[in-house]
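Here my numbering is used: the first residue of the sequence shown is 2, the next is one more, and so on. Ideal Cβ positions, reconstructed from N, Cα and C, are used throughout, including at glycine.
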Amino acid sequence: MTTRNLDALFHPSSIALIGASNRPGSVGSVIARNLFEAGFDGPILTVNPKERAIRSSLNYASVADLPIPVDLAVIATPPDAIPGVIAELGAKGCRAAVVITAGFGEGDKVEGRELRQQMLDAAKPHLLRIVGPNCIGFISTKPRINASFAHVMPKQGDVAFVTQSGAMATAVLDWAHARGFGFSHIASLGDMADVDFGDLLDYLALDSQTKAILLYVESITDARKFMSAGRIAARTKPVIVIKSGRSAAGAKAALSHTGALAGSDIVYDAAFRRAGMLRVYELRELFEAVTTLSSGLRLKGERLSILTNGGGAGVLATDALEGTPVQIASLAPATVEALDKVLPSTWSRGNPVDIIGDAPGKRYADSLSVLLSDPGSDAVLVLNCPTAVADSTEVADAVINTLAQRPGAPVLTCWLGETAVAEARRRFAAKRIPTYETPDEAVQAFVHLASYRRNQTLLMETPPARGFEEPDRSKAREIVQAAVAAGRTTLTEFEAKGVLAAYDIPVVATRRATSPEDAARQAAEIGRPVALKILSHDISHKTDVGGVRLDLRSPEAVEEAARTMLETVAQRRPDARIEGFTVQEMIHRPQAQELIVGISNDATFGPVILFGEGGVAVEVIADRAVALPPLNRRLAREMIERTRVAKRLAGYRDRPPADFEAIEATLVKISDLLGDIPEITELDINPLLADASGVIALDARIVAHESDGVGTRRFAIRPYPTRLVGRITVSDGQSLELRPIRPEDEPGLVEMVRRSAPADVRMRFLGALKDFPHLMAARLSQIDYHREMALVAVNDEREIVGAVHVIADPDNEVAEYAIMVRSDQKGRGLGFGLMTQILDYARQQGMKKVYGDVLRENQAMLRVAEDLGFTVRAGSDDPTLVRVDLDL
Numbered sequence: 002m003t004t005r006n007l008d009a010l011f012h013p014s015s016i017a018l019i020g021a022s023n024r025p026g027s028v029g030s031v032i033a034r035n036l037f038e039a040g041f042d043g044p045i046l047t048v049n050p051k052e053r054a055i056r057s058s059l060n061y062a063s064v065a066d067l068p069i070p071v072d073l074a075v076i077a078t079p080p081d082a083i084p085g086v087i088a089e090l091g092a093k094g095c096r097a098a099v100v101i102t103a104g105f106g107e108g109d110k111v112e113g114r115e116l117r118q119q120m121l122d123a124a125k126p127h128l129l130r131i132v133g134p135n136c137i138g139f140i141s142t143k144p145r146i147n148a149s150f151a152h153v154m155p156k157q158g159d160v161a162f163v164t165q166s167g168a169m170a171t172a173v174l175d176w177a178h179a180r181g182f183g184f185s186h187i188a189s190l191g192d193m194a195d196v197d198f199g200d201l202l203d204y205l206a207l208d209s210q211t212k213a214i215l216l217y218v219e220s221i222t223d224a225r226k227f228m229s230a231g232r233i234a235a236r237t238k239p240v241i242v243i244k245s246g247r248s249a250a251g252a253k254a255a256l257s258h259t260g261a262l263a264g265s266d267i268v269y270d271a272a273f274r275r276a277g278m279l280r281v282y283e284l285r286e287l288f289e290a291v292t293t294l295s296s297g298l299r300l301k302g303e304r305l306s307i308l309t310n311g312g313g314a315g316v317l318a319t320d321a322l323e324g325t326p327v328q329i330a331s332l333a334p335a336t337v338e339a340l341d342k343v344l345p346s347t348w349s350r351g352n353p354v355d356i357i358g359d360a361p362g363k364r365y366a367d368s369l370s371v372l373l374s375d376p377g378s379d380a381v382l383v384l385n386c387p388t389a390v391a392d393s394t395e396v397a398d399a400v401i402n403t404l405a406q407r408p409g410a411p412v413l414t415c416w417l418g419e420t421a422v423a424e425a426r427r428r429f430a431a432k433r434i435p436t437y438e439t440p441d442e443a444v445q446a447f448v449h450l451a452s453y454r455r456n457q458t459l460l461m462e463t464p465p466a467r468g469f470e471e472p473d474r475s476k477a478r479e480i481v482q483a484a485v486a487a488g489r490t491t492l493t494e495f496e497a498k499g500v501l502a503a504y505d506i507p508v509v510a511t512r513r514a515t516s517p518e519d520a521a522r523q524a525a526e527i528g529r530p531v532a533l534k535i536l537s538h539d540i541s542h543k544t545d546v547g548g549v550r551l552d553l554r555s556p557e558a559v560e561e562a563a564r565t566m567l568e569t570v571a572q573r574r575p576d577a578r579i580e581g582f583t584v585q586e587m588i589h590r591p592q593a594q595e596l597i598v599g600i601s602n603d604a605t606f607g608p609v610i611l612f613g614e615g616g617v618a619v620e621v622i623a624d625r626a627v628a629l630p631p632l633n634r635r636l637a638r639e640m641i642e643r644t645r646v647a648k649r650l651a652g653y654r655d656r657p658p659a660d661f662e663a664i665e666a667t668l669v670k671i672s673d674l675l676g677d678i679p680e681i682t683e684l685d686i687n688p689l690l691a692d693a694s695g696v697i698a699l700d701a702r703i704v705a706h707e708s709d710g711v712g713t714r715r716f717a718i719r720p721y722p723t724r725l726v727g728r729i730t731v732s733d734g735q736s737l738e739l740r741p742i743r744p745e746d747e748p749g750l751v752e753m754v755r756r757s758a759p760a761d762v763r764m765r766f767l768g769a770l771k772d773f774p775h776l777m778a779a780r781l782s783q784i785d786y787h788r789e790m791a792l793v794a795v796n797d798e799r800e801i802v803g804a805v806h807v808i809a810d811p812d813n814e815v816a817e818y819a820i821m822v823r824s825d826q827k828g829r830g831l832g833f834g835l836m837t838q839i840l841d842y843a844r845q846q847g848m849k850k851v852y853g854d855v856l857r858e859n860q861a862m863l864r865v866a867e868d869l870g871f872t873v874r875a876g877s878d879d880p881t882l883v884r885v886d887l888d889l
């Protein structure tokens with residue numbers, strides 16, 4: 002992930018079009034027209050060996066003939082010529098190129114893939130960035146760049162749209178043009194040979210022209226890069242995504258139930274949720290969602306009150322809530338009493354609050370004021386049906402005036418109808434009050450707000466690498482590695498339960514038996530009803546081949562069942578190698594719920610964890626939730642609550658609630674297991690019985706393969722690096738806690754800056770800073786620990802007194818540092834200590850160089866840098882700065 006040279010894409014000083022044409026209808030002609038007519042205020046140069054002029058502008062025969070360097074090139078030449086063109090452009094100082102041409106390996110054509118690599122190799126020495134190939138181009142409205150063959154130029158706005166599909170880009174442009182919807186940028190990524198979603202999310206997160214980001218995703222090429230950039234962007238502005246390919250047809254067959262259930266789309270859904278993004282499913286919904294989220298409304302909960310002058314409209318809105326994760330609010334008695342004082346006696350006295358069809362503006366205003374103070378309501382939907390006895394526009398003005406006294410109040414509006422309410426909708430839009438045409442659209446907007454709130458909460462969770470006390474990791478690893486060393490990919494049930502037991506996950510005691518007679522002896526020793534199962538490395542789903550018998554009540558019954566089982570399995574799986582049987586005591590927990598907990602390996606996002614309703618019909622029921630590791634209890638609980646079975650686990654009739662903490666603990670331990678043992682690729686616990694007394698695993702299956710990596714390196718989200726937590730001692734002997742920064746440190750970071758002298762703040766941020774804005778504080782405190790690291794020093798009063806930050810380039814070779822120590826803590830060696838720690842971290846990560854830009858007047862920092870071995874040299878064109886760098 003890098004934004005390196007992307008400024009040449011978004012803010013070029015000059016543009017070249019390679020492959021420009023005068024031939025009507027050609028791609029080179031359309032792009033030339035769009036570039037020249039968009040209004041870009043810099044030079045636009047064209048290259049075509051056969052033309053003297055393009056659109057009355059002097060044309061050049063080759064890149065070598067261009068009289069000035071260009072920042073951005075748009076290339077629409079045949080594919081074979083492009084590697085050479087890229088090399089020429091790079092040699093002339095070009096820093097970004099948009100490659101329109103197709104023919105670079107679409108459909109896995111070998112020749113195209115080789116050409117694609119040649120293009121990348123030509124760009125690499127010059128650090129030239131490539132958008133595409135096989136795209137429609139790039140549009141940026143403020144600098145008036147239309148480097149595309151789209152049919153319209155959008156109006157200027159504050160929403161960026163990034164898409165893999167050129168056809169989707171033109172469709173969205175057409176839709177937006179008809180509605181006057183504006184964009185800051187539109188980027189068609191095509192085949193993403195170089196610049197991808199991660200790069201643009203990283204850039205747009207800090208782009209002042211962009212207030213929201215829309216994504217159209219077909220596939221992700223680098224999951225950790227995407228998650229890193231997406232989480233950073235979603236912390237600062239709404240990111241809304243629509244993804245194609247939702248069908249299960251693309252899911253691969255797997256040995257485990259989990260692998261079969263955890264199909265590609267549900268994993269993408271989990272990734273978007275964990276990244277703090279909002280996923281929608283239709284184009285219209287995409288723009289409705291961005292309008293809603295861009296309004297600035299934020300919820301504290303998910304309970305909706307409905308205020309209406311028409312009972313039918315209120316019922317429609319209530320019906321629309323059915324099946325969504327939100328709920329209609331229950332009005333507090335004090336709220337009902339307050340409404341009684343301002344409403345006619347015939348009002349509904351419940352939610353929806355029907356204030357009768359003749360309701361004037363004052364009645365709306367009085368009722369809305371009451372509902373906004375209701376403790377059981379998190380938002381209000383105001384509905385209006387046009388009538389002959391009340392003016393809809395006057396009612397709208399009353400709502401607007403009420404909200405003017407309550408800025409930020411979570412209110413959505415829906416004025417039903419068309420001509421009679423057009424002016425009311427216009428006035429709402431002018432005040433940026435969300436307004437919708439139908440009750441179901443308004444309710445969907447509330448669901449968007451609630452889902453966005455939920456996902457933003459997940460985004461703030463930074464689980465540690467381990468959630469519980471140290472397990473018997475060596476025992477678990479020994480079991481898994483022994484199976485892999487023996488050439489097996491599937492562990493026996495006995496081995497799988499041994500792994501779970503090593504992680505303190507309760508399992509039913511299981512004995513091995515080599516023959517029917519041995520199984521009978523084991524059953525006699527247990528002395529209670531038992532379950533008998535076939536033991537074979539070759540059989541994954543035992544029930545499918547008659548390999549399970551339950552509730553056998555005597556040794557004789559066990560022996561007979563074992564003999565019959567051998568015959569049945571031999572008929573159904575004659576190729577399977579039978580090692581014997583497992584015998585285990587029957588667990589009688591009549592009020593327990595059968596669950597499934599598992600691990601699967603997604604081709605894009607790596608390991609995922611699955612939870613849902615278990616049993617033999619698990620694939621048919623298909624009640625499951627998927628999450629990306631690492632997990633903590635809060636993330637595990639959210640995962641549980643996304644399933645239908647969660648309602649039964651909460652208790653009903655004479656069934657007490659299940660032990661949710663025990664279920665959460667199991668999920669977190671499975672997450673720990675994933676990070677510890679990289680050989681494990683699939684795991685099933687099915688069923689995991691859960692009731693009020695806890696959980697117990699009745700059956701388990703593990704699939705493992707050779708691995709030479711660290712478990713957490715497979716994760717799309719790097720866990721909180723607890724290994725870096727420690728202490729640092731300053732010169733006066735005081736010991737401070739030293740640890741990686743966490744999202745909840747944002748207020749502490751703001752307070753550290755507030756309590757520092759303006760001169761010290763200027764030294765840190767290389768300029769005056771009147772305040773410390775939320776977006777900047779969030780960007781510094783909410784990191785994902787993949788490409789950057791921030792360490793904070795915390796005193797006994799839990800105050801942050803110093804912070805050091807390092808961010809690496811995408812190759813993890815060169816990193817930039819920044820450091821600040823609170824003014825009253827200077828002169829104690831804290832800055833030197835923080836720099837020493839962050840440089841040690843950089844060395845451990847394999848970085849080759851660390852650098853920083855320092856104000857010339859910041860003599861204290863320059864002395865620290867020299868003491869640490871940095872070289873001081875002239876920096877940028879800014880004479881007030883110097884560059885310090887250290888080879889590691």
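Where residue i sits in the DSSP three-state scheme
i	result
residue 282	coil
residue 122	helix
residue 754	helix
residue 308	strand
residue 348	coil
residue 252	Caution is warranted here: a pLDDT of 41 is assigned to residue 252, below 50, making its placement in the model unreliable, and no coordinate value can be reported.
residue 498	helix
residue 295	helix
residue 687	strand
residue 608	strand
residue 845	helix
residue 790	strand
Spatial distance of residue i from residue j (CA atoms)
i	j	result
residue 116	residue 200	23 Å
residue 705	residue 859	55 Å
residue 397	residue 433	13 Å
residue 884	residue 824	23 Å
residue 336	residue 366	15 Å
residue 1	residue 222	The question about residue 1 has no answer here: the residues shown for the chain are numbered 2 through 889.
residue 789	residue 514	53 Å
residue 443	residue 303	14 Å
Buried/exposed call for residue i, threshold 16 Cβ in 10 Å
i	result
residue 33	buried
residue 452	buried
residue 173	buried
residue 445	buried
residue 526	exposed
residue 728	exposed
Residue range of the unbroken alpha helix (DSSP H) whose run includes residue i
i	result
residue 862	860–868
residue 572	556–573
residue 401	393–405
residue 181	From DSSP, residue 181 is part of no alpha helix (DSSP H); its letter is neither H nor E.
residue 456	440–460
residue 372	362–372
residue 62	Taken as a continuous stretch (DSSP letters only), residue 62 belongs to no alpha helix (DSSP H), as it is neither H nor E.
residue 620	619–622
N- and C-terminal bounds of the beta strand (DSSP E) containing residue i
i	result
residue 738	736–741
**OP:** Would you check if the stretch 527–543 and the stretch 488–502 touch, i.e. whether three or more CB-CB distances between them fall below 8 Å?
**Re:** The answer is yes - the stretch 527–543 touches the stretch 488–502, with three or more Cβ pairs under 8 Å.
Subject >> Cβ contact (3+ pairs, closer than 8 Å) linking the stretch 640–649 and the stretch 612–631 >> reply: yes
Subject >> Any 3 or more C-beta pairs closer than 8 Å across the stretch 227–237 and the stretch 585–594 >> reply: no
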